[in-house]
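So the structure is just underneath, and the comments pick up after that.
Protein chains in written order, with our numbering: chain A, 590 to 911; chain B, 590 to 911.
This is the structure:
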């Protein structure tokens, strides 16, 4: 992985992915005690940053492979990103999703033209299942994070953060990123290293699923004990990736861990102060910025709100915290 | 009013107002049966397009007048736009608000440094009250719509719609605008006349408060029978303005009227498909685009989602329609 792969992905995404805005509010600055900027990646096509990686992978594939179709496994956001990118290319897509994924994500993935195969998150190995179907049907597997084309696509979000924050006069900042397998975090870290040397990426996770924070601390890949039972479903993965972890270990600051209640409260504040819809897993970085500001010495915080695909009952639960 | 005043306002707003994104979703296109684009003006500073007019007015005032302070009357969005613009200029602001305005709008206006004076919407004349306080304290009144500097500021939204939609290949469109007194609608209409001759502005209103639609039909200013009792509080005004009506009469297509239930459903779909928070009054244009597509012969519809300052209980009510 290198910055040139991210710049190449940015060229392929130009005119197809949205350049999402960098938002702020004096009310949020007051809570954190310092300026907070929010990269509203929930406004990306399909409601999360995952469209960047999906489009980058589809457009980066050998054309013959692309025509044969693609397969992906995902709790929902990667699913929709890949499904929409495949639909726009007119190629088939099979998506392996956990049976407990939010209904909205499953329905949207189907509506975007993909064939959805459900599996049990607690008892089945999604990697093995994905490999099997890919072999049987001759589909190309697009992994959710441990894939260079995907990391490159997610990294384009970091290029935009670097350019837009510096255009607003921000020269030093910690960039808080909601982190599952580390595709977005490692891509952003590489982009910041090249284009914003005063910015440091910080992976953010929910309590009980802090594999990346522990891995960064121990210096080797650590696993989560469990993979279910969190409202932050979007960013629950077994462990950081073989490709993403070394990048995060080299470039990222320490991980920040927040409670589920803090994630819900951050989603409510994003509703109230920024007018954006953020799912609990997508609000973890904003929760870290607002409620753990002392985890950072940086004079500015930038939080990536990574996705907004949340069922209405969960969102109503978040609003009830206001 | 002319296009040069709008271009001058755009120069004053550059780097201060947000260039809000033009969003879309295949799911919304399917409902309307044609492409629908959404100008997400709820993402503007203070959560509505009104910051444009407020900033335009503050920066366009004679410096001596500006230093003496400003006064505005508003159900909430103009209040916040003017209050924030005044705070950023370090000048005092008094805001006259109806006592039944959403709590969030009243609280935000105070938090942005303004002095709030409440009045009874059914029994008191806000114009007379505003004039009185302005005279007593030597404040400059910034009217919510019938003021050239304000119309010019709102018109900058139309310049962005023209540029961004045409950049996406849209050459012919009806531009649906949530319409109260007509400041935004007339400003957008002037901008489209200059920069997007294939685009036509269409004022959109809630049932029972369709003064603009009736005025356009009769060719003279018509009034609403009542001024209370709508969830679409943001766009309830007595009648189109003396300045705004002739512009709308010359340039706009017929008005489109939607039910309150349609506005709530449109707010829910904006949540689900675009990940933006829209208040009922700010969702009226999207409701017109989605549920009254046959009101337009245009091949493309562009809806301006004008604001997102909605109390959580009302938003939860909108979500319950999904």
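All residues carry an ideal CB built from backbone N, CA and C; glycine is no exception.
For clarity, every value in this text was computed on a predicted model and none was experimentally measured.
Asked: Show which residues of chain B have a CB atom less than 9 Å away from the CB atom of residue 866(A).; Found: 859, 860, 861, 863, 864, 865, 866
Asked: Which residues, in order along the region 876 to 902 of chain B, keep a beta-carbon less than 7 Å from a beta-carbon of chain A?; Found: 897, 901
Asked: Could you please give me the residues that DSSP links to residue 628(A) through a beta bridge?; Found: 611(A), 893(A)
Asked: What does the alpha-carbon distance come out to for the pair residue 788(B) and residue 654(A)?; Found: 42 Å
Asked: Check the C-beta distance from residue 695(B) over to residue 705(B) and give it rounded, since I have them as a contact under 8 Å.; Found: 6 Å
Asked: Mind checking the region 595 to 608 of chain A against chain B and listing, in chain order, the residues whose C-beta falls within less than 7 Å of any C-beta there?; Found: 607
Asked: So what's residue 746(B) in DSSP terms, helix, strand or just coil?; Found: helix
Asked: For residue 697(A), collect the residues of the same chain with a Cβ closer than 6 Å to its Cβ; drop the 5 residues on either side in sequence, then sort them by chain order.; Found: 669
Asked: Listed in chain order, which residues of the region 614 to 643 of chain A have Cβ atoms closer than 8 Å to some Cβ of chain B?; Found: 615, 616, 629, 631, 632, 636
Asked: Give the interface partners of residue 853(A) over in chain B, defined as CB-CB distance under 8 Å, in chain order.; Found: In chain order: nothing, as chain B lies at least about 13 Å away.
Asked: Is it true that the CB of residue 874(B) sits closer than 8 Å to the CB of residue 746(B)?; Found: no
Asked: Does residue 610(B) get closer than 8 Å to chain A when you measure Cβ to Cβ?; Found: yes
Asked: What is the C-beta distance between residue 802(B) and residue 794(B), in whole angstroms, given that I count them as a contact (C-beta under 8 Å)?; Found: 6 Å
Asked: What residues from chain B crowd round residue 547(A), counting only those whose CB sits closer than 7 Å?; Found: Since the first residue shown for chain A is 590 and the last is 911, residue 547(A) is missing from the structure and cannot be characterised.
Asked: Taking only runs that begin and end inside the region 647 to 721 of chain B, name each unbroken alpha helix (DSSP H) of 4 or more residues, in chain order.; Found: 652 to 656, 666 to 678, 692 to 700
Asked: Residue 911(A) touches chain B at which residues, Cβ-Cβ below 7 Å?; Found: 901
Asked: Can you list, in chain order, the residues of its chain with a C-beta nearer than 8 Å to that of residue 771(B)? Leave out the 5 residues immediately preceding and following it.; Found: 734, 792, 801, 829, 830, 833, 834, 836, 837
Asked: Below 8 Å on the Cβ atoms is my guess for residue 684(B) versus residue 703(B); work out the distance and round it to an integer in Å.; Found: 5 Å
Asked: Pull up the DSSP beta-bridge partners for residue 762(A), would you.; Found: 788(A)
Asked: Our contact map puts residue 876(B) next to residue 884(B) with C-beta atoms below 8 Å; I'd like the distance itself, whole angstroms only.; Found: Not really, about 11 Å apart at Cβ, beyond 8 Å.
Asked: If you draw a straight line from the C-alpha of residue 681(A) to the C-alpha of residue 636(A), how long is it?; Found: 21 Å
Asked: Which chain B residues sit within Cβ distance under 7 Å of residue 783(A)?; Found: Near residue 783(A) there are no residues of chain B at all, since even the closest Cβ is about 25 Å away, more than 7 Å.
Asked: Check distances from the C-beta atoms of the region 697 to 729 of chain B to those of chain A and list, in chain order, the residues that come in under 9 Å.; Found: 697, 700, 701
Asked: Based on the DSSP output, what are the partners of residue 729(B) in its beta bridges?; Found: 659(B)
Asked: Who are the Cβ neighbours of residue 699(A) in its own chain at under 7 Å, not counting the five residues just before and after it?; Found: 705
Asked: By how many angstroms is the C-alpha of residue 761(B) removed from the C-alpha of residue 623(A)?; Found: 45 Å
Asked: Which residues in the same chain have their Cβ closer than 6 Å to the Cβ of residue 598(A), if we skip the five residues on either side of it in sequence?; Found: 645, 741, 742, 745
Asked: Measuring CB atoms only, is the region 856 to 875 of chain A touching the region 892 to 901 of chain A, in the sense that at least three cross pairs come out at less than 8 Å?; Found: yes
Asked: From the DSSP output, which residues share a beta bridge with residue 637(A)?; Found: 896(A)
Asked: May I have the straight-line CA-CA distance separating residue 754(B) from residue 606(B), to the nearest angstrom?; Found: 19 Å
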